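Peer 1: Just so you know, the sequences run in chain order A and B.
Residue numbers for the first sequence, in numbering that gives the first Met the number 0: 0 to 318.
Residue numbers for the second sequence, in numbering that gives the first Met the number 0: 0 to 337.
We treat Cβ as the ideally placed atom computed from N, Cα and C, and that holds for glycine.
Small disclaimer: the values here were computed from a predicted structure and weren't measured.
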Amino acid sequence: MALMNYSLAAATALSEAMHADPNVIALGEDLGRGGIFAQYRGLQQTFGAQRVIDTPISEATIMGAAVGMALAGLRPVVEMRVVDFALCAMDELINQAAKNRFMFGGQGRVPLVVRMPIGLWTASAAQHSQSLEAWFAHIPGLVVVAPAAPDDNYGLLASALESGDPVVYMEHKELWGTEGEVVPGSRVPLGRARRLHAGGDLTIVTWSKAVATCVAAATLLGESGIHADVIDLRTLWPWDRAMVLESAARTGRLLVVHEAVQVGGFGAEIAAAVAEATGCRIRRLGAPRIPSGYSKPLEDESRVSAAAVAAAARLLTNP
Amino acid sequence: MPTPDSLLLALYRTMARIRAFENAAEIASQGGVQAWGLSTSAKPALVRGPLHLSTGQEAVAAGVCANLRREDLLTSTHRGHGHTLAKGADVNRMMAELFGRATGTNQGKGGSMHIADFSVGMLGANGVVAAGMPIAVGAAHALKVRGRPEIVACFFGDGAVNRGPFLEALNWAVVYHLPVLFVCEDNRISATTPTGPMTGGAGASARAMSIGVPAVTVDGNDVEAVCTAAARLIAEVRAGAGPRFLHAVTYRFKGHVSVDPGAYRDPAEVTRALETDPLRIARDKLVAGGITSDAIDTIDAVARAEIDLALAAAEAAPWPDAATAYTDVQDTGAGQWR
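1) Under the rule that 16 or more other beta-carbon atoms within 10 Å means buried, what is residue 325 of chain B, buried or exposed?
2) Hey, could you find the ends of the alpha helix (DSSP H) residue 99 of chain A is sitting in?
3) Could you have a look at residue 338 of chain A and say whether DSSP puts it in helix, strand or coil?
4) Cβ of residue 227 of chain B less than 7 Å from any chain A Cβ?
5) Given that residue 77 of chain B touches chain A, what residues does it touch there, using C-beta distances under 9 Å?
6) Compare the C-alpha of residue 305 of chain A against each of A:210, A:275, A:263 and A:289 and name the closest.
7) For residue 139 of chain A, which of helix, strand or coil comes out of DSSP?
8) If you draw a straight line from the C-alpha of residue 45 of chain B to the C-alpha of residue 118 of chain B, how long is it?
9) Using 7 Å as the limit for Cβ to Cβ distance, is residue 296 of chain A near chain D?
10) From the DSSP output, in three-state form, read off residue 149 of chain B for me.
11) For chain B, check one thing: does any of its Cβ atoms lie closer than 7 Å to the Cβ of residue 189 of chain A?
12) Taking 8 Å as the limit between beta carbons, can you name the residues of its chain near residue 158 of chain A, skipping five residues before and five after?
13) DSSP on residue 275 of chain A, reduced to helix/strand/coil?
14) My guess is that residue 30 of chain A and residue 52 of chain A are in contact by the Cβ rule of under 8 Å, so how many angstroms apart are they, rounded?
15) Please return the same chain residues whose Cβ sits closer than 6 Å to the Cβ of residue 4 of chain B, not counting the five positions on each side in sequence.
16) Which residues in chain A have a C-beta closer than 8 Å to the C-beta of residue 86 of chain B? List them in chain order.
17) By how many angstroms is the C-alpha of residue 109 of chain A removed from the C-alpha of residue 181 of chain A?
18) Step through the CB atoms of chain B and report whether any lies within less than 7 Å of the CB of residue 68 of chain A.
19) Can you tell me the Cβ-Cβ gap for residue 90 of chain B and residue 300 of chain B, rounded? I've got them flagged as a contact below 8 Å.
20) Buried or exposed: residue 68 of chain B, going by 16 or more other Cβ atoms within 10 Å of its Cβ?
21) Quick check on residue 91 of chain B: does DSSP put it in helix, strand or coil?
22) Residue 274 of chain A to residue 282 of chain A, Cα distance in whole Å?
23) Smallest Cα separation from residue 246 of chain A: which of A:234, A:138 and A:203?
24) Using DSSP with H/G/I as helix, E/B as strand and the rest coil, what is residue 54 of chain A?
25) Under three-state DSSP, which class holds residue 0 of chain B?
26) Under the assumption that residue 112 of chain B contacts residue 126 of chain B (Cβ atoms under 8 Å), give the Cβ distance between them as a whole number of angstroms.
27) May I have the straight-line CA-CA distance separating residue 0 of chain B from residue 145 of chain A, to the nearest angstrom?
28) If the criterion is Cβ atoms closer than 7 Å, does the pair residue 214 of chain B and residue 207 of chain B meet it?
29) Which one or two residues does DSSP pair with residue 189 of chain B in a beta bridge?
30) Can you tell me which of the three DSSP states residue 287 of chain A falls into?
31) Anything in the segment 230-245 of chain A with a Cβ closer than 9 Å to a Cβ of chain B? List those residues in chain order, please.
32) Between residue 174 of chain B and residue 141 of chain A, what straight-line distance do the alpha-carbon atoms span, to the nearest angstrom?
33) Which partner residues does residue 171 of chain A have in the DSSP bridge list?
34) When the Cα of residue 208 of chain A is compared with those of A:81, A:101, A:256 and A:12, which residue comes out closest?
35) Pick from B:228, B:70, B:249 and B:12: whose alpha carbon is nearest that of residue 269 of chain B?
36) Flag this pair as yes or no: are the beta carbons of residue 231 of chain A and residue 195 of chain A separated by less than 7 Å?
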């Protein structure tokens with residue numbers, strides 16, 4: 000066991016993969032300096048500028064070049080800084096990376112890990128705060144991962160690096176400093192959720208930074224005798240249907256919570272799938288459909304609080 | 000070493016095969032492109048999807064690819080049949096792909112717009128203008144990192160010079176000093192709009208040179224000129240000189256897509272262009288060099304016969320099993336389709 004923060008956990012997983020496989024490389028803006036969140040700290044010093052590549056501010060070509068690199072035998076890790084900048088590389092991700100294998104009849108593989116940090120980041124306003132995971136879960140060919148804790152960021156990144164698929168890997172910008180125990184060499188399989196709080200009164204499904212919010216809410220609810228099963232999805236596509244359906248069938252109530260805008264969010268997919276399968280009662284809780292504001296009173300309107308989660312849970316558990 | 004005449008004969012043969020392929024594909028697509036809602040027949044055309052023909056542009060594919068090795072890589076455009084054939088792809092599997100059959104290069108999953116043959120280094124045609132350019136520089140970057148001797152040829156059209164990835168990819172190739180030949184196959188029209196009035200400044204070569212990529216402009220209908228220029232540029236790329244840029248000016252004989260008669264063009268312009276048909280130019284040179292017309296006719300006939308066989312094989316080939324709609328999507332989560 001080693002105590003490390005969310006950022007170092009990722010850097011460690013990547014470093015181990017680069018030691019193990021000379022074809023693993025990373026490319027993006029400012030990586031040589033360690034990345035803007037220290038998630039690449041020390042890697043260029045260890046592996047050289049040819050494998051930890053500082054790039055021009057050319058998001059489309061960072062992503063597109065990574066597709067070409069993958070087709071020509073490398074295993075690239077693409078850094079987009081924040082998901083908002085990844086929007087400059089959508090053709091390259093959606094039309095090229097995600098479609099390549101199918102469209103060319105299985106002739107090639109595009110084993111990419113595309114890191115695009117999501118989430119509210121204090122006072123970063125409308126273009127540096129989005130959570131767009133639902134966009135990518137919608138696209139056939141992509142895997143979508145959103146780790147909430149250091150051990151998962153280590154174990155999921157390691158699994159993503161071993162996957163043959165393009166993986167959209169969404170770390171949260173307000174989790175980099177979160178500390179936790181990490182087991183060296185551990186793996187978290189893609190597509191498996193984690194139960195963080197056990198209870199039989201309702202099921203709360205969530206991911207990324209909202210996990211901590213929901214665990215806090217579960218503690219509040221427990222004090223008033225409401226026992227929540229809290230599930231961190233960890234991978235959004237493919238999502239752990241078995242764990243979620245078992246829990247929702249047992250509790251009869253599902254609350255899906257995410258930081259992303261609620262309308263058209265991935266919570267809607269979970270809610271609909273669980274409703275079809277179990278007929279249980281459903282509520283969703285996400286951000287209102289507004290851009291994130293700069294000023295604190297405005298930004299706070301986009302944040303989902305533990306109190307709000309608890310209130311939604313109480314509405315759901317009222318007879 | 001081939002003699003100049005035998006080289007020109009080989010180039011002519013490649014062009015004749017492309018021309019025969021395009022003509023046959025065009026006929027097989029008659030009845031309409033269903034995707035455009037223009038089907039005129041209850042019976043679907045044998046080639047049912049959009050077909051972007053390179054008829055008239057054969058010299059660019061032939062002249063450049065004559066200088067590539069099988070292991071070299073290539074990215075192409077939506078108008079990619081010629082590049083694919085010239086790179087050495089199997090014509091039967093190509094035609095089967097246009098027909099949507101299981102025996103196609105892509106198992107019927109891509110069709111004309113995504114034709115690819117990775118076994119000969121042809122990394123794919125592309126439905127998005129300029130999209131092959133970042134992929135090409137990435138492939139070249141990988142070759143460099145891996146210490147490989149191969150190079151990448153990156154074909155794109157004149158329309159691509161107005162997209163952002165053109166700038167980004169050229170800059171990237173310079174910054175990392177990559178082994179890539181950019182080939183601007185300039186047919187002078189962006190879908191159905193002339194490119195000139197849509198393009199600021201002095202055009203493709205000037206843009207390349209402004210970024211630091213040495214560029215050469217050639218008559219893209221003169222296959223010898225294309226081949227000679229490409230030979231020099233590719234030799235420089237192979238020698239480690241970094242990226243090079245070939246601007247080959249040609250003309251698209253057909254409409255943007257097979258159902259498009261190109262009626263928006265001045266008929267006089269088309270007539271003039273037909274006089275500079277690259278096959279005709281090459282034929283005249285061959286005859287002037289002592290090759291008989293009969294010998295050249297035989298090359299044409301052999302090419303047509305090869306394509307006739309490909310057509311027959313494609314029509315007889317099996318359709319893909321519907322279950323293959325679910326293969327090669329992704330490994331993680333395969334089976335979870337809803």
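Peer 2: Looking at the atomic coordinates:
1) Along the second sequence, read from residue 1 onward, the residue named residue 325 of chain B stands at position 326. The residue in question, residue 325 of chain B, is exposed, as its Cβ has fewer than 16 Cβ neighbours within 10 Å.
2) As a position in the first sequence, residue 99 of chain A is number 100, starting the count at 1. Note, residue 99 of chain A: alpha helix (DSSP H), 99-102.
3) Not covered by the structure: residue 338 of chain A. The range shown for chain A is 0 to 318.
4) For the purposes of this step, residue 227 of chain B is identified with residue 228 of the second sequence, where counting begins at 1. Chain A contact via Cβ: absent.
5) In the second sequence, the residue the question calls residue 77 of chain B occupies position 78. What residue 77 of chain B touches in chain A: nothing, since even the nearest Cβ is about 12 Å away.
6) Locating residue 305 of chain A in the first sequence gives position 306, counting from the first residue. If we check each option's Cα against that of residue 305 of chain A, A:210 comes out closest.
7) Counting from 1 along the first sequence, the entry for residue 139 of chain A is found at position 140. It is coil, neither helix nor strand.
8) Taking the second sequence and counting its residues from 1, the one referred to as residue 45 of chain B is at position 46. Taking the second sequence and counting its residues from 1, the one referred to as residue 118 of chain B is at position 119. So the alpha carbons of these two residues sit roughly 26 Å apart.
9) No chain D is present in this structure, whose protein chains are A and B.
10) As a first step, residue 149 of chain B is located in the second sequence; it is residue number 150 there, counting from the start. Of the three classes helix, strand and coil, the one that applies to residue 149 of chain B here is coil, per DSSP.
11) As a working note, residue 189 of chain A is residue 190 in the first sequence. Chain B, which has a Cβ nearer than 7 Å to the Cβ of residue 189 of chain A, makes this yes.
12) Mapped onto the first sequence, residue 158 of chain A falls at position 159. Once the five neighbours on either side are set aside, the close Cβ partners of residue 158 of chain A are 186, 187, 188 and 189.
13) In the first sequence, counting from the first residue as 1, residue 275 of chain A sits at position 276. Assignment of residue 275 of chain A by DSSP, reduced to helix, strand and coil, places it in the helix class.
14) Position 31 of the first sequence, counted from the first residue, corresponds to residue 30 of chain A. Position 53 of the first sequence, counted from the first residue, corresponds to residue 52 of chain A. Right, the Cβ-Cβ distance comes to about 7 Å (below 8 Å), so this counts as a contact.
15) Within the second sequence, numbered from 1, the residue matching residue 4 of chain B stands at position 5. Excluding five sequence positions before and after residue 4 of chain B, the CB atoms of its chain that fall closer than 6 Å to its own CB belong to 288, given in chain order.
16) As a working note, residue 86 of chain B is residue 87 in the second sequence. Result: empty, since nearest Cβ-Cβ is about 14 Å, beyond 8 Å.
17) Indexing the first sequence from 1 puts residue 181 of chain A at position 182. Indexing the first sequence from 1 puts residue 109 of chain A at position 110. Between the C-alpha atoms of residue 181 of chain A and residue 109 of chain A there is a straight-line separation of about 29 Å.
18) Within the first sequence, residue 68 of chain A is the residue found at index 69, counting from 1. At least one chain B Cβ lies under 7 Å of residue 68 of chain A.
19) In the second sequence, counting from the first residue as 1, residue 90 of chain B sits at position 91. In the second sequence, counting from the first residue as 1, residue 300 of chain B sits at position 301. Rounded to the nearest angstrom, the Cβ distance from residue 90 of chain B to residue 300 of chain B is 15 Å, too far for a contact under 8 Å.
20) Residue numbering aside, residue 68 of chain B sits at position 69 when the second sequence is read from its first letter. Residue 68 of chain B is exposed by the Cβ-count criterion.
21) Within the second sequence, the letter at position 92 stands for residue 91 of chain B. Three-state result, residue 91 of chain B: helix.
22) For the purposes of this step, residue 274 of chain A is identified with residue 275 of the first sequence, where counting begins at 1. For the purposes of this step, residue 282 of chain A is identified with residue 283 of the first sequence, where counting begins at 1. Approximately 10 Å between the Cα atoms of the pair.
23) The residue you call residue 246 of chain A lines up with position 247 of the first sequence. Ranked by Cα distance from residue 246 of chain A, the options A:234, A:138 and A:203 are led by A:203.
24) As a position in the first sequence, residue 54 of chain A is number 55, starting the count at 1. Coil.
25) Stepping through the second sequence from its first residue, residue 0 of chain B is reached at position 1. Bear in mind that the predicted position of residue 0 of chain B carries a pLDDT of just 47, short of 50, making it unreliable; the figure below should be weighed with that in mind. Residue 0 of chain B sits in coil when the DSSP states are folded into three classes, being neither helix nor strand.
26) As a working mapping, residue 112 of chain B is identified with position 113 in the second sequence. As a working mapping, residue 126 of chain B is identified with position 127 in the second sequence. Taking the Cβ atoms as the reference, residue 112 of chain B lies roughly 5 Å from residue 126 of chain B, within the contact range of under 8 Å.
27) For the purposes of this step, residue 0 of chain B is taken as the residue at position 1 of the second sequence. For the purposes of this step, residue 145 of chain A is taken as the residue at position 146 of the first sequence. Any reading at residue 0 of chain B must be qualified, since the residue scores a pLDDT of 47, below 50, and its modelled position is unreliable; the value itself is stated next. Rounded to whole angstroms, residue 0 of chain B and residue 145 of chain A show a C-alpha spacing of 58 Å.
28) In the second sequence, counting from the first residue as 1, residue 214 of chain B sits at position 215. In the second sequence, counting from the first residue as 1, residue 207 of chain B sits at position 208. Yes, the Cβ-Cβ distance between residue 214 of chain B and residue 207 of chain B is below 7 Å.
29) Numbered from 1 along the second sequence, position 190 holds the residue referred to as residue 189 of chain B. Paired residue(s): B:192.
30) As a working mapping, residue 287 of chain A is identified with position 288 in the first sequence. DSSP places residue 287 of chain A in coil when its eight states are reduced to three.
31) If the cut-off is 9 Å between Cβ atoms, the segment 230-245 of chain A has 234, 236, 237, 238 and 240 near chain B.
32) As a working note, residue 174 of chain B is residue 175 in the second sequence. As a working note, residue 141 of chain A is residue 142 in the first sequence. A straight-line Cα-Cα distance of about 30 Å links residue 174 of chain B and residue 141 of chain A.
33) The residue given as residue 171 of chain A occupies position 172 in the first sequence. Partner residues in the beta bridge of residue 171 of chain A, as assigned by DSSP, are A:117.
34) On the first sequence, residue 208 of chain A is found 209 positions in, with the first residue counted as 1. Selection A:81, A:101, A:256 and A:12 evaluated against residue 208 of chain A yields A:256 as nearest (Cα-Cα).
35) Translated into the one-based positions of the second sequence, residue 269 of chain B becomes position 270. Minimum Cα distance to residue 269 of chain B is reached at B:249.
36) Along the first sequence, read from residue 1 onward, the residue named residue 231 of chain A stands at position 232. Along the first sequence, read from residue 1 onward, the residue named residue 195 of chain A stands at position 196. Yes. Within cutoff.
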